[in-house]
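In order, the protein sequence lines correspond to chains L and H.
Per the numbering used here, numbering through the first sequence is continuous, rising by one, with the last residue being 653.
Per the numbering used here, numbering through the second sequence is continuous, rising by one, with the last residue being 641.
Every residue, glycine too, gets a C-beta built ideally from N, C-alpha and C.
These figures come from a predicted structure and were not determined experimentally.
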Amino acid sequence: MPPRSTSPAPAPAPEQVTTPTPENAPPSAVPAGRTRTGDVTVRSEREQKKVVRRGFRHVAKAVREQPGMFTLAVLGSSLYGAMTVASAYVIGGITERLVLPSFERGSVTAGALWLATLAILGVAVLKIVGIIGRRLFAGIMSFRLQAEYRRRVTGQYLRLPLSWHQRHPTGQLLSNANSDVEASWFFVAPLPFACGAIVMVVITVVALFLTDPLLAVVGLVVFPLVFLANAVYSQVMSPRMARAQQLRAEVSEIAHESFDAALVVKTLGREAAETERFGVRADELRDGLVAVGRVRGLFDPMMEALPNLGTLAVLLVGADQVATGSTNAGDLVSIAYLFTLLALPIRAIGWVLADLPRALAGYDRVAPVLAAEGETPHGPDAAAGGPTGAGVGVRAVDFGHTDADGRTNRVLHGVTFDVEAGRTVAVVGPTGSGKSTLAGLLVRLVDPHSGEVLLDGVDVRSLREGEVSTQAAFVAQGTFLFDDTVRGNITLGADIGDDEVHAALRVAAAEDFVDRLPEGLDTRVGERGASLSGGQRQRLALARAVVRRPRLLVMDDATSAVDPSVEARILDALRSTDQPATVVVVAYRQATISLADEVVWIDRGRLVARGSHAELLAQVPGYARLVQAYQPPDAVTAAEPEPAGAQA
Amino acid sequence: MTAVAEPATGLTERPTETATATLRRGLRMMPEFRRGLPATFALALLATAGRVVVPIAVQQTLDRGLGAAGGPDIPLVRELVAVCALVVLVTAVAVYRMNVRLFRTTETALANLRVRAFRHVHDLSVLHQQGERRGNLVSRVTSDVDQLSVFMQWGGVLGLVSLGQLVVATVVMAVYSWQLTLLVLVCFIPLGFAVKWFAKRLAAVYGVVRERVGDVLAAVGESVVGAPTVRAYGIRGRTAARIDAAIDRHYRASVQAQKTTAGVYVSGEFVAAVANAAVVVVGVLLGIGGQISAGTLIAFLFLVTLFVAPVQTASEVLNEAQNAVAGFRRVLDVLDTEPDVQDPVDGRALPEGPLGVRFSHVVFRYAPGARPALDDVDLEIAPRTRVAVVGETGSGKTTFAKLLTRLMDPSSGRVLVGGVPLAEIAFASLRERVVMVPQDGFLFDASVADNVRYGKPGMTDAHVAAAFDELGLGDWVEGLTDGVATAVGQRGESLSAGERQLVAVARAYVADPDLLVLDEATSAVDPATEARLTRALDTLTSGRTTITIAHRLSTAERADEVLVVDAGRVVQRGTHAELVDAPGVYAGLHASWRRSSGAARTPA
């Protein structure tokens, strides 16, 4: 297992790190002295005090986003609340006016029975209307919020630059879009119910005041106690929830990475070690969830006991009142009944408050994604276009990868060169010299730290969004296919006829195997093209580029698994016209290089030499060594002793 | 998804299994779930009793205390209230204790389940692993288990107590009036059927919801993993549309599920009202007939609510359970999928020393009835030889490597290493002595050194650096920002594809195997570095057996022996010198390779 001590903790919201205390860091199997990522989420004392206030702001946000659904749900909930109170009075009324008199008289009229039945059923039907309104609209509200935030989060994923993606684990991003968004808005489902419960509580208090002021005081003691208990609960729960949510994400990250690495794990027989690595986090998560459960397990019976104790208090006080004659027994029965009925809605308030810490924990993980800056800025200009190949300019370009610690690992240093329209240039260099980065810069996958990349003489950063891809096509080293049909993977939704798709497949030497697929162009290729071999995937990726008839084609060692003749065909297809496309190709093969008009030699991030293949062969020993590595030993005289890169 | 080259052999799915069957299956697999259960049940019983006793005590207080003949009996009321308060507190404590016990048991059981499922995914063969969507496998050890945990923290307790409450309430009701009790039960019979029907519907709609979650994850995963492609082709809009469509379908499925749950709850409410009305009408009629007293009827009306509330709660818990059970089933399906490549019981260790390989009439098909990917391969590779396997893309080279390292088992025939059939070799011995480097050698988000010592924990950074020196890669390492301590980033993406391969080769090298299999392990490395690396490996691994699959035929030129694979068969074998001039597949491959790598075409 690669120890994670060197990899920085995925930082959620900027938070202060506090020393773990027994309270906020449940004892677990984590060895002392090791950085535990969960600690990052432990909030400072001051932060914790704000949980309730932040919670209410979060609730307000939910209401602001979905006011219509919220109103409907609260109306339904209020109707339900009112009808719950009404049902208590109906039972009371039936006792007083039907049961007791008819038992005394020994007779009853059918009308009275019908009336009682209608009253019970009538209230029930209204209650049902209320329930449907509450449940359905609250559900819709919650799901809409979830859907909306998923759209926003994934919208950010698509908008944010690749450098941002490289700093965030796939597992974390998936968990942000899924479980964190769900956690953020889960509390919304019982929210209208809780609001309706508040209506009920108010009605009850008013009813209490009307019946007996002294009983009202009892009610006024019990309800604030309920809210107080909830507030305390939120405070205690919040850090535990945040930690559990964080651990959930970490468990997901490990699972993701480990399953991604399945083949390596298997070939090195590291299943047990991986399970151990996963197990440590799973156990921490278990401890975290037990810590959550312990609080919840205490809170739940408390919330249940409080209304019961309230009922008893009402009885105690009420009995005196009945004895002194200031209240009658029937009213006391109604009130006692009301108190028992209130138990459920009061719990609904509890549910919302109980879920708020989890919601905040989830939202705290979603918010940084939504707030992330670094969107690739786009200018107002349209690409020049035109029938010829595109001119490419690279001017004093510096580039580096910035890791999560903020340290920059420089990859390119002041690279400058031009490619005239219609020319084919091969970029050649040793492994790790920066070729792929350079290729990515040309099609604006990343922006240079300094310097500029020009397309037809215009800085690509001043072009409108999507303009670069109308002019240029890029075939990456690792091919990526969508879980879509063959056709969908080639057209990518563009309006391209099957004839053209077939023509492109023919150029990429993919037509034969596509024809043999069970459903031809309509065959789904599976996740990441899992049902195809590496060579087949690469051919589809090439066809995808060719079919667009790009003015600039950038290929990053994208033909390693295909025959050189295929490569030649592709270049021929793009160059055989009067106005040929510009091609930049990263390659090692001499056959590929020899197709180029010019070669750019990159070593350790610097452009060391450029010229024709023959010129470089003659002048640059490192270049000769690299491209002639496969020549029979007797032909390679200069290359033997020293390691490559020494000449830089 | 139709299988083409490597068909999907998914997990054992049982979508139609009933909830109870799933639970039974689950309990069988989670024995720790049952530990301490008697005590928990005792507490649950106590909690249940408390829940019923409190309202009854309240009722008694009203009846006997306040409604006593000759005015309220205040001392009795006080006594009763005091007793009630005690019962309430005892109940609360019992519930607390029960909750904590239950949470601890379930979370422990679920954590173990999670870890076992995780391990099992790794134990599945590569065919199974590839047959499932990655996100799908991950969700089985994450969100599906989380679903269960969330449900248990909420519904488990509630369901348990509600059921107990239901039984106790029925008994108490029967004590008051058996006629009315019967009436209530009759009223609730239709609800029983309704719940059963709804449960089936809910299982279906929640099944759809869980599936849609998988779709959303897959779509989001594409946008994250395929980020460069999305940007390069300017298809942000299209990708967003695909994700939004998945989100939308998930939303619609969720609303549909919500409608169904509302239906369940509403029918419970309606039945409760009908029962109430029936009790009033029948109760009054019975009372007039002198069969029950007014007090009994009033008490009974109170009791009905005690019956109704747990019915509603229980039916709701049952519904929510469908969602959790759907997740549970998905986790159990992982555990129930038999790995088709298993570590043999009492497996043998490989003999000491260099290892030879023997393929005995090996046939491999990715799916029954499919064209064989390898067809009747019968050959022997002597120990200490360096063998190159060459052939066109899709000819069966990788299949050969996977069978050789027992990532898959042959459809027929057998593979022997060191004279021992692969199927009899303990994994521990096999993986230690036989190591394969795949083309895409995945790197973990850690340092270069951490990745190299992955197969050999305990190596120091200095040893790792020395290993790179031995492989002729010292220069490359020195060029990194922090040498071997350089962080490689997510999936190693801070390094180039070629650099990742260098790390992967070093990782296999330090694992010190006796049989090393390289499957296009250096395809993205520049030729000069590759040549240097392979020369170093040749020296370092002399005395071991190496089998190299390569499309760069420079490997074949240097190998002791070349195996030429074509359409699943070994069509030629011999040394490069023997084969290169003989007519056949190899001569063609070699000529083509020479053309592409040599300076056959000079630029104009």
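query                                                                                                                         : result
Where alanine 45 (chain H) falls, given that 16 or more other Cβ within 10 Å makes a residue buried                           : With a pLDDT of 38 at alanine 45 (chain H), under the threshold of 50, the modelled position of this residue cannot be trusted, and the question is left open.
is_contact[tyrosine 403 (chain H), chain L] using C-beta, thresh 8 Å                                                          : no
Cutoff 6 Å; reference asparagine 648 (chain H); Cβ partners in own chain excluding five residues on either side               : Because residue 648 (chain H) is not part of the residues shown, which for chain H are 38 to 641, the question remains open.
Residues that aspartate 281 (chain H) contacts on chain L, provided the C-beta gap is smaller than 7 Å                        : Arg156
Proximity below 8 Å, CB of valine 530 (chain L) to CB of aspartate 489 (chain L)                                              : yes
Under 7 Å from the C-beta of isoleucine 137 (chain L): neighbouring residues of chain H                                       : Ala299 and Val303
Glutamine 328 (chain H) to glycine 111 (chain L) span [Cα, whole Å]                                                           : 12 Å
Simplified DSSP assignment, three categories, for aspartate 556 (chain H)                                                     : strand
First through last residue of the beta strand (DSSP E) which encompasses tryptophan 191 (chain H)                             : Taken as a continuous stretch (DSSP letters only), tryptophan 191 (chain H) belongs to no beta strand (DSSP E), as it is neither H nor E.
Neighbour-count burial assignment, phenylalanine 230 (chain H), 16 or more Cβ in a 10 Å radius                                : exposed
Residues that DSSP places opposite alanine 389 (chain L) in a beta bridge                                                     : In the DSSP output, where bridge partners are listed per residue, alanine 389 (chain L) has none listed.
Isoleucine 501 (chain L), enclosing beta strand (DSSP E) - first and last residue                                             : Premise fails: isoleucine 501 (chain L) is in no beta strand (DSSP E) and is neither H nor E.
Any C-beta of chain H under 8 Å from that of valine 512 (chain L)                                                             : no
Any chain H beta carbon closer than 8 Å to proline 435 (chain L)                                                              : yes
Buried versus exposed call for alanine 509 (chain L) [16 or more other C-beta atoms within 10 Å across all chains shown]      : buried
DSSP three-state assignment for leucine 392 (chain H), whether helix, strand or coil                                          : coil
Coarse secondary structure for phenylalanine 401 (chain H), derived from DSSP in three states                                 : strand
Residue environment, lysine 233 (chain H), which counts as buried when at least 16 other CB atoms sit within 10 Å             : exposed
Proximity of glycine 176 (chain L) and valine 79 (chain L) at Cβ, strictly below 8 Å                                          : no
Rounded distance between the beta-carbons of alanine 318 (chain L) and valine 227 (chain L), thought under 8 Å                : 7 Å
Beta-ladder partner(s) of leucine 460 (chain L), from DSSP                                                                    : L:Val397 and L:Val463
Simplified DSSP state of alanine 624 (chain H), which is helix, strand or coil                                                : helix
Beta-bridge pairing of leucine 417 (chain L) - partner residues as DSSP gives them                                            : L:Phe404
Chain H contact residues for isoleucine 399 (chain L), given Cβ-Cβ distances below 8 Å                                        : Before going further, note that residue 399 (chain L) is valine rather than isoleucine in the sequence given. Simply none; closest approach about 17 Å.
Selection from H:Thr128, H:Gly192 and H:His588 that minimises the alpha carbon distance to leucine 356 (chain H)              : Looking at the sequence provided, one finds asparagine at residue 356 (chain H) rather than leucine. Selected option, being the one with the closest Cα: H:Gly192.
Under 8 Å from the C-beta of valine 163 (chain H): neighbouring residues of chain L                                           : Ala267, Leu268 and Lys271
For threonine 585 (chain H), three-class secondary structure by DSSP                                                          : strand
Endpoints, the beta strand (DSSP E) within which methionine 560 (chain L) is located                                          : 557-561
Interface flag, arginine 367 (chain H) vs chain L, CB-CB below 8 Å                                                            : no
Beta-carbon gap between valine 588 (chain H) and glutamate 567 (chain H) smaller than 8 Å                                     : Looking at the sequence shown, residue 588 (chain H) is not valine but histidine. Not closer than 8 Å, so no.
Opposing strand residues paired with methionine 473 (chain H) [DSSP bridges]                                                  : H:Val554
Close Cβ partners of valine 399 (chain H) (< 8 Å) along its chain, the five nearest in sequence each way excluded             : Leu411, Asp413, Val414, Asp415, Leu440, Pro447, Ser449, Gly450, Arg451 and Val452
For aspartate 412 (chain H), the first and last residue of its enclosing beta strand (DSSP E)                                 : 411-418
Identity of the residue in H:Arg631, H:Glu375 and H:Leu369 nearest threonine 592 (chain H) by Cα                              : H:Arg631
Buried versus exposed call for valine 113 (chain L) [16 or more other C-beta atoms within 10 Å across all chains shown]       : buried
Contact set between the segment 450-471 of chain L and chain H, restricted to residues whose Cβ is under 7 Å from the partner : Leu450 and Gly471
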